[in-house]
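Asker: In this note's numbering, the protein residues as written are 1090 to 1326.
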Amino acid sequence: MFEYVVFAIIILMASILQTSTGFGFSIMATPFLLLLFIPQDAIQINLILSLIISMALIRKIRKDVEWGMLRRFILGSIFGLSVGLWIFLSVNLNMLKLGVSLLILFLTLLLILNVRVRQENGRDLLVGGFSGILTASIGMPGPPLLLYFSGTDAEKEKLRSTTLAFYLFIYFVSLSIQIIFAGTTAKAWTSSALALPLVIVGLYFGQLLFHHINQKNFRTFTYVILIFTGIYLLFGK
């Protein structure tokens, strides 16, 4: 019962964060799911729920997708997926937790320092490649995109829509190749099914927060969550 309560809180908070900021479900959910489930189940639960969230959100904003950028992201990710799958199949749990925690802390530091990277076609391919590696290995495509988009002057609507469209592709492909090469378990799917009502609630409250909360304060709150997540995963048992 206690584990289910913790699981429910993780899914609810991650869903709210995703809807409010446009990122964050996998960044917040994956580290804590790794504490409750074996790596295969934790990552596949994240992929399943992230795919559902992306499908739910993209219908309203698909008209703003930047198709050229999306194609470059997808092309770059194809080369990264095989590397990510190898990491997923080869790295043990402790190394996986260490890598995820350091990645989150490093990303958060760059965001706080407002590090900016100019958007270019070649860099689209590179960012797509890194996202492919991270999605297939740990179910987290967001960090490279989040850092990359923090430095672009493109319209936020186009960036959010393009990111969600890319998520639809990368989550589906990553989940498929994991199932084919590593298999899956009933627990991953039943846990995902149990989490669906919480995801719906999180999407609703996330929309409310997006329209009512001060974005500067919420960004600070997001940084606190990311830092806590990274440190807890790094030193937690």
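Even glycine gets a Cβ: it sits at the ideal position worked out from N, Cα and C.
#1: Which residue wins for smallest C-alpha separation from Ser1143, given the options Ser1220, Thr1251, Phe1310, Thr1309?
#2: Take Met1158 and list the residues in its own chain whose beta-carbon comes closer than 6 Å to its own, dropping the five residues that flank it on each side.
#3: For Tyr1321 and Glu1092, I'd like the C-alpha separation in whole angstroms.
#4: Quick one: what's got a C-beta closer than 7 Å to Thr1108's C-beta in the same chain, skipping five residues either side?
#5: Please classify Met1184 as buried or exposed, where buried requires at least 16 other C-beta atoms within 10 Å of its C-beta.
#6: Would Ile1137 and Ala1254 be called neighbours here (beta carbons separated by less than 9 Å)?
#7: Could you please give the first and the last residue of the uninterrupted alpha helix (DSSP H) stretch that includes Thr1119?
#8: Can Gly1228 and Thr1318 be called in contact, C-beta distance under 9 Å?
#9: Along the alpha helix (DSSP H) that carries Thr1273, what are the first and last residues, could you check?
#10: Thr1197: buried (16+ other C-beta within 10 angstroms of its C-beta) or exposed?
#11: Using 8 Å as the threshold, is the stretch 1271-1290 in touch with the stretch 1117-1131, meaning 3 or more CB pairs across them?
#12: Spatial neighbours of Val1288 within its chain, please: CB distance less than 7 Å, with the 5 preceding and 5 following residues excluded, ordered by chain position.
#13: Are the beta-carbon atoms of Ala1284 and Ile1134 separated by less than 9 Å?
#14: To the nearest angstrom, report how far apart Val1189 and Leu1123 are at their CA atoms.
#15: Could you tell me if Pro1232 is buried or exposed, where buried requires 16 or more neighbouring beta carbons within 10 angstroms of its beta carbon?
#16: Between Lys1186 and the rest of its own chain, which residues show a CB-CB distance below 8 Å, the 5 nearest in sequence each way excluded?
#17: Relative to the alpha-carbon of Phe1238, which residue among Gln1208, Leu1125, Asp1153, Ile1316 has its alpha-carbon at the smallest distance?
#18: Under the rule that 16 or more other beta-carbon atoms within 10 Å means buried, what is Thr1224, buried or exposed?
Answerer: On the basis of the supplied data:
#1: Thr1251
#2: Asp1213, Thr1251
#3: 17 Å
#4: Close CB contacts of Thr1108 within its chain, under the 7 Å cut and outside five residues either way in sequence, are with Gly1291, Leu1292, Gly1295, Gln1296, Phe1299 (chain order).
#5: exposed
#6: no
#7: 1114-1125
#8: no
#9: First-last for Thr1273: undefined, no H or E at that position.
#10: With 16 or more other Cβ atoms within 10 Å, it is buried.
#11: Yes, the stretch 1271-1290 is in contact with the stretch 1117-1131.
#12: Within the same chain, Cβ atoms closer than 7 Å to the Cβ of Val1288 are found at Ile1100, Ser1104, Leu1138, Ile1141, Ile1142, the five residues on either side in sequence being excluded.
#13: yes
#14: 10 Å
#15: buried
#16: Pro1120, Leu1123, Leu1322, Leu1323
#17: Gln1208
#18: buried
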